[in-house]
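J.:
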Amino acid sequence: MRAMSVVDAPTPRAPFVALSTLWLVLTGTLCNLRCTHCLNTSGPDAPWLPPLDGAVARRAIAEAAALGVREIYFTGGEPFLHREILPLLETSLAIAATTVLTNGTVLTDATADALAALARASRYSLEIRVSLDAPDAETNDRVRGAGTWRRAVRAIRALDARGLLPIVTATEIDGAPDAYDRFRAQLSGLGIARPRVKILPVFPVGRAAGDSAARLSDADLEGFDRMALQCADTRAVAAGGVYACPILAGLPGARLSDGDLTAARRPAALYHAACLTCHRTGATCRNA
Amino acid sequence: MPERVSEYRRIAVLGGVYANAEALAAVLADARRRNAEAVFCLGDLGGFGPDPAGVLPLLRAHDVRVVRGNYDEAIATGATDCNCGYTDPRDNHYARLSYAYTVAHTPAADRAWLATLPAQRRVQLGSHRILMCHGSPRRINEFLWESTTPDGLLRRLLADYSADVLLCTHTGLKWHRALDDGIAHAVNVGAVGRPENDGTPRVWYALLGAEPDVRVQFVPVTYDHESVARAIEAEGLPREFAETLRSGWWTTCLENLPAKERARGRF
């Protein structure tokens with residue numbers, strides 16, 4: 240009998256507990272930027288994962304509400320490239336706290352005004368997460384593209400001026416232990432009174448995918464609370480179906496149903512190298 | 048064996064003592080003055096404050112029935128941290144100091160008692176079924192903030208756990224929401240161990256009555272916060288903790304606050 244290889248090992252699974260978090264991959268992989276670490280290889284070319292139809296997004300929000308969802312997130316690509324983003328946010332904010340992940344570079348003053356009005360009108364929090372990958376323009380723009388730091392910072396100031404308290408979200412590109420402090424100092428220097436920062440690890444998927452064959456095994460998860468993994472209470476709706484999490488949205492191995500959230504309430508396979516990162520770092524794509 | 052469900056007309060419910068025995072004593076005296084038939088505490092007895100050992104004797108003296116918080120669970124099980132879920136190193140720094148202090152100043156007998164606390168309690172308030180928990184009934188450290196807790200989630204929790212009224216704490220900020228024309232209720236009772244991030248040093252607890260409909264009243268309590276702030280400094284705990292008690296503004300561990308709640312604070 241030959242030894243069990245990585246390929247032969249049974250794929251461990253995460254249980255499904257409840258739909259706590261709904262992600263809408265609103266613009267699929269359509270984005271005006273082409274960041275070097277982008278986890279779903281978004282960019283301005285024809286997207287490999289198409290944008291969501293507004294009606295599909297509204298159905299998902301309604302279904303999630305009926306299932307007792309706690310929070311709803313809009314991501315992409317760049318969600319503000321979707322022409323229905325504002326009415327969809329209004330629909331979402333009527334039923335739950337809502338977050339948008341944006342690169343900030345296409346966010347106009349008029350949009351910031353509209354977001355502030357939506358936030359004021361809802362009993363639930365509207366969070367805007369603006370991506371920066373370094374506190375300095377040079378390092379950031381090497382990853383995200385020329386001029387992106389300046390445009391994102393402009394958006395951060397516009398949102399902050401309207402009381403929206405954006406969360407600067409960075410990817411841990413250099414692993415600097417003082418990254419939080421540096422971002423906070425930078426934001427304070429820009430006049431942001433309540434600097435909010437979230438830092439995520441680099442996930443080995445999309446443009447940052449490596450060639451490692453390492454995968455999680457049941458032995459790795461012995462004694463580990465699998466319910467702590469975000470796929471235990473999260474689902475992502477993207478064109479073509481419902482997926483285990485936003486990181487793997489669009490990938491066939493993470494697909495759990497053809498679009499029905501109720502049917503996607505089943506265990507998710509921890510089949511991808513990115514699942515190792517989640518397990519190792521305890522990372523969550525949620526705000527907290 | 049399931050706990051016997053007791054029936055009350057008027058109860059006091061508090062949370063988040065955070066080793067602030069001075070504030071707890073003031074709250075318990077206030078609840079007694081207001082004729083609460085029973086007092087319940089929804090957990091997190093330690094952390095932040097200077098007097099972990101002073102809390103349990105007060106709870107015993109006033110026959111307070113306690114639900115286990117994530118902090119209590121961590122202390123009881125000898126966990127390496129408080130399971131507060133911070134990712135920001137600055138927040139984790141303060142959380143570590145606070146947790147180490149609480150561990151060092153919690154008597155062994157108190158730790159053993161913490162291990163016996165139930166995760167939930169049920170009582171009857173008039174005709175209403177009350178469920179008490181720390182974070183949420185499904186997870187001890189789930190934050191039920193006012194601005195991130197949808198009505199749909201509350202209805203689901205109440206249905207799943209067969210209750211008319213859900214009582215929780217863990218966030219440190221109080222709120223009450225009546226659902227379905229007042230048939231159901233969710234109440235976060237806030238915290239007595241530190242102020243409300245509202246610029247005043249007062250702390251809050253909740254009085255619930257069956258009249259016969261559920262009536263929820265949040266009660267502000269003032270106490271000698273200056274003496275506790277001085278004790279925090281004398282114990283070598285972070286001066287930011289003392290500043291919070293004096294100013295009423297939260298200075299640390301802000302990363303979990305949602306936008307609406309964060310916007311109400313100074314920092």
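Taken in order, these protein sequences are the chains called C and H. Sequential numbering of the first sequence, starting at 240, is according to our numbering. Sequential numbering of the second sequence, starting at 48, is according to our numbering. Using N, Cα and C, we set each Cβ at its ideal position, and we do this for glycine too. Treat the numbers as computed from the prediction; the structure is a model and nothing was measured.
Check H232 (chain H) in the structure and name its three-state DSSP category.
T.: As a working note, residue 232 (chain H) is residue 185 in the second sequence. Looking at H232 (chain H) - three-state DSSP - the assignment turns out to be strand.
J.: Here's the rule I'm using: 16 or more other beta-carbon atoms within 10 Å means buried, otherwise exposed. How should L328 (chain C) be labelled?
T.: Your numbering for residue 328 (chain C) matches position 89 in the first sequence. Burial call: buried.
J.: Assign E461 (chain C) to one of two classes, buried (16 or more other C-beta atoms within 10 Å of its C-beta) or exposed (fewer than that).
T.: The count along the first sequence starts at 1 and reaches residue 461 (chain C) at position 222. So E461 (chain C) counts as exposed.
J.: Which residues mark the beginning and the end of the beta strand (DSSP E) in which G480 (chain C) is found?
T.: Taking the first sequence and counting its residues from 1, the one referred to as residue 480 (chain C) is at position 241. Segment 480-482, the beta strand (DSSP E) holding G480 (chain C).
J.: With 8 Å set as the bound, which would you pick, yes or no: does the beta-carbon of T218 (chain H) sit closer than that to a beta-carbon of chain C?
T.: Locating residue 218 (chain H) in the second sequence gives position 171, counting from the first residue. False, the Cβ-Cβ gap to chain C never drops below 8 Å.
J.: Between G402 (chain C) and chain H, is any beta-carbon pair separated by less than 8 Å?
T.: As a first step, residue 402 (chain C) must be located in the first sequence, where it is residue number 163. At least one chain H Cβ lies under 8 Å of G402 (chain C).
J.: Can you name the residues of chain H whose CB is closer than 7 Å to the CB of L365 (chain C)?
T.: Here residue 365 (chain C) refers to the residue found at position 126 of the first sequence. Those within 7 Å of L365 (chain C) in chain H are A306.
J.: Would you check if the distance between the CB atom of R185 (chain H) and the CB atom of A257 (chain C) is smaller than 8 Å?
T.: Here residue 185 (chain H) corresponds to residue number 138 of the second sequence, with the count starting at 1. Here residue 257 (chain C) corresponds to residue number 18 of the first sequence, with the count starting at 1. Going by C-beta atoms, R185 (chain H) is nearer than 8 Å to A257 (chain C).
J.: If you measure between the beta carbons of E193 (chain H) and L213 (chain H), is that distance less than 8 Å?
T.: Within the second sequence, residue 193 (chain H) is the residue found at index 146, counting from 1. Within the second sequence, residue 213 (chain H) is the residue found at index 166, counting from 1. Taking 8 Å as the Cβ cut-off, E193 (chain H) and L213 (chain H) do not qualify as a contacting pair.
J.: Within 10 angstroms of the Cβ of V358 (chain H), are there 16 or more other Cβ atoms? Answer buried if so, exposed if not.
T.: The structure shown does not extend to residue 358 (chain H), since chain H spans only 48 to 314, so no value can be given for it.
J.: Please name the residue, chosen from H:S174, H:M179, H:G173, that lies closest to P165 (chain H) on a Cα-to-Cα basis.
T.: Translated into the one-based positions of the second sequence, residue 165 (chain H) becomes position 118. The option with the nearest alpha carbon to P165 (chain H) is H:M179.
J.: Tell me whether W287 (chain C) is buried or exposed, calling it buried when 16 or more other Cβ atoms sit within 10 Å of its Cβ.
T.: Here residue 287 (chain C) corresponds to residue number 48 of the first sequence, with the count starting at 1. Exposed, by the Cβ-count rule.
J.: Using the rule of at least 16 other Cβ atoms within 10 Å of the residue's Cβ for burial, across every protein chain shown, is R311 (chain H) buried or exposed?
T.: As a working note, residue 311 (chain H) is residue 264 in the second sequence. Under this definition R311 (chain H) is an exposed residue.
J.: From the DSSP secondary-structure annotation, give me the bridge partner or partners of P267 (chain H).
T.: Looking up residue 267 (chain H) in the second sequence gives position 220. P267 (chain H) is bridged to H:W251.
J.: Taking C-beta pairs closer than 9 Å, name the residues in chain C that T299 (chain H) reaches, listed in chain order.
T.: Along the second sequence, read from residue 1 onward, the residue named residue 299 (chain H) stands at position 252. Those within 9 Å of T299 (chain H) in chain C number zero; the least Cβ separation is about 13 Å.
J.: So for Q167 (chain H), helix, strand or coil by DSSP?
T.: Within the second sequence, numbered from 1, the residue matching residue 167 (chain H) stands at position 120. Coil.
J.: Looking at the structure shown, is V295 (chain C) part of a helix, part of a strand, or coil, going by DSSP?
T.: Taking the first residue of the first sequence as 1, we reach residue 295 (chain C) at position 56. Helix.
J.: What does DSSP give as the partner residue(s) for I311 (chain C) in the beta ladder?
T.: Along the first sequence, one-based indexing puts residue 311 (chain C) at 72. Paired residue(s): C:L261, C:T337.
J.: Which residues in chain H sit within 8 Å of A304 (chain C), going by Cβ to Cβ distance?
T.: Within the first sequence, numbered from 1, the residue matching residue 304 (chain C) stands at position 65. Chain H residues near A304 (chain C): P197, G199.
J.: Would you give the residue range spanned by the alpha helix (DSSP H) that V86 (chain H) belongs to?
T.: Translated into the one-based positions of the second sequence, residue 86 (chain H) becomes position 39. Element bounds for V86 (chain H): not the alpha helix (DSSP H) but the beta strand (DSSP E), 85-88.
J.: Give the straight-line distance between the Cα atoms of L105 (chain H) and Y482 (chain C), rounded to the nearest whole angstrom.
T.: Against the second sequence, residue 105 (chain H) aligns to sequence position 58. Against the first sequence, residue 482 (chain C) aligns to sequence position 243. Cα to Cα, the separation comes out at about 50 Å.
J.: According to DSSP, is W222 (chain H) helix, strand or coil?
T.: By 1-based counting over the second sequence, the position of residue 222 (chain H) is 175. Residue state, collapsed to three classes: strand.
J.: Just reading off the alpha helix (DSSP H) that V441 (chain C) is part of, what are its end residues?
T.: Walking along the first sequence from the start, residue 441 (chain C) turns up at place 202. Premise fails: V441 (chain C) is in no alpha helix (DSSP H) and is neither H nor E.
J.: Quick one: is S259 (chain C) buried, meaning 16 or more other Cβ sit within 10 Å of its Cβ, or exposed?
T.: The count along the first sequence starts at 1 and reaches residue 259 (chain C) at position 20. That one is buried.
J.: Rounded to a whole number of angstroms, what is the C-alpha to C-alpha distance between R446 (chain C) and R273 (chain C)?
T.: Here the question's residue 446 (chain C) lines up with position 207 in the first sequence. Here the question's residue 273 (chain C) lines up with position 34 in the first sequence. Roughly 9 Å between the two C-alpha positions.
J.: Spell out the partners DSSP gives M179 (chain H) in its beta bridges.
T.: Position 132 of the second sequence, counted from the first residue, corresponds to residue 179 (chain H). DSSP, once it has assigned bridges, lists H:R168, H:L214 as partnering M179 (chain H).
J.: Out of C:E411, C:P251, C:E302, which has the shortest C-alpha to C-alpha gap to R560 (chain C)?
T.: What is shown of chain C runs 240 to 527, which leaves residue 560 (chain C) out entirely.
J.: Using a Cβ-Cβ distance cut-off of 8 Å, determine whether R309 (chain H) contacts chain C.
T.: Against the second sequence, residue 309 (chain H) aligns to sequence position 262. With 8 Å as the cut-off, R309 (chain H) counts as an interface residue toward chain C.
J.: Does DSSP put S53 (chain H) in a helix, a strand or coil?
T.: Translated into the one-based positions of the second sequence, residue 53 (chain H) becomes position 6. DSSP places S53 (chain H) in strand when its eight states are reduced to three.
J.: Does the region 138-158 of chain H come close enough to the region 277-294 of chain H that 3 or more CB-CB pairs lie under 8 Å?
T.: Contact between the region 277-294 of chain H and the region 138-158 of chain H is present, because at least three Cβ pairs lie under 8 Å.
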